[in-house]
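Taking it in order: structure first as structure tokens, then the write-up.
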Amino acid sequence: MNTPRLLVIQHDLDDALNELAPPIIVAGLQVDTWCTWHDEQSPWPLDEFAGVVSMGALASVTNETSVPWIRSELELLSRALERGVPILGVCFGSQSLARAAGGQVRKSPLTEIGWHDVTMTSHAETDPVLGSLGKEFPAFQWHYDTFDLPPDATVLATAGDLIEAYRVGDSAWGVQFHIEANPSVVYGWLGTYRDAIDEEGIDVDELRAATERNWIEYKRRSWEVGAAFATMVVKAATSRR
């Protein structure tokens with residue numbers, strides 16, 4: 021039996037699968053990573069994969085006309101959507117998925133950095149990937165852009181007027197929050213992007229304290245989302261045989 025392969029699109033050195041990796045590996049998936057800072061196109065054809073995960077990025081989808089790898093990613097995600105290949109987009113990945121599905125990405129009226137409460141919609145209760153997240157919980161955010169809901173998409177989570185999670189059809193999910201983040205990632209970003217933190221007037225000590233408070237439950241949610249998405253990928257691989 022061939023091992024199902026998962027394509028992970030990684031855009032920056034400091035934003036990998038992190039907490040999503042363990043449940044994906046336990047599910048038996050082979051992970052291959054397209055590093056966009058090295059290759060402007062995926063080193064492998066989409067046909068070789070049973071699922072795709074697109075991670076966060078410093079870049080903005082709004083720069084698609086001037087950044088070759090963004091155009092390549094949007095084309096790949098569009099083909100994956102057409103074929104029903106399971107997709108999980110995280111932060112930038114959720115924005116690129118929205119764009120590939122026909123939505124528009126734009127600067128958000130509210131910069132979200134740190135822990136913000138996310139409210140799941142009634143549609144999320146029976147969702148196969150995000151259904152275990154609960155009604156409301158603090159999620160770690162770090163983004164400046166938002167998007168309009170694409171056609172054939174269902175809102176699964178919100179924060180005020182902003183979309184925080186959605187599903188396109190039956191095979192693609194986007195989450196604006198960093199479901200993959202752990203304390204090591206958060207603290208690393210606090211050091212690397214301290215200027216952005218200071219510019220937003222964020223209390224670093226409070227953000228660290230919130231990370232400590234929220235981490236255990238957030239780790240559980242990360243595992244459950246990763247495991248549920250991996251199940252969708254395995255099912256997709258099985259149906260293709």
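Just so you know, we're using my numbering here: the sequence shown kicks off at 21 and counts up by one. Just so it is clear, CB atoms sit at the ideal spot from N, CA and C, and this is done for glycine as well.
Check, Outcome
"Where V149 falls: helix, strand or coil (DSSP)", "coil"
"Three-state secondary structure assigned by DSSP to F249", "helix"
"T166 burial status per 10 Å Cβ neighbour count (16 or more: buried)", "buried"
"Contact between the stretch 112-127 and the stretch 67-78 (3+ Cβ pairs under 8 Å)", "yes"
"Cross-strand partners of P158 (DSSP beta bridge)", "D137"
"With 16 other Cβ atoms within 10 Å as the buried cut-off, status of N38", "buried"
"Cβ-based burial, V46 [other Cβ within 10 Å; buried from 16]", "exposed"
"Nonlocal neighbours in the same chain, by C-beta distance under 7 Å from D224, ignoring five residues either side", "Just to set this straight, residue 224 is Val in the shown sequence, not Asp. Excluding sequence neighbours, V224 sits near L210 and I217."
"Contact the stretch 24-37 vs the stretch 55-64: 3+ CB pairs below 8 Å", "yes"
"Inter-residue spacing [alpha-carbon to alpha-carbon] between A192 and E220", "32 Å"
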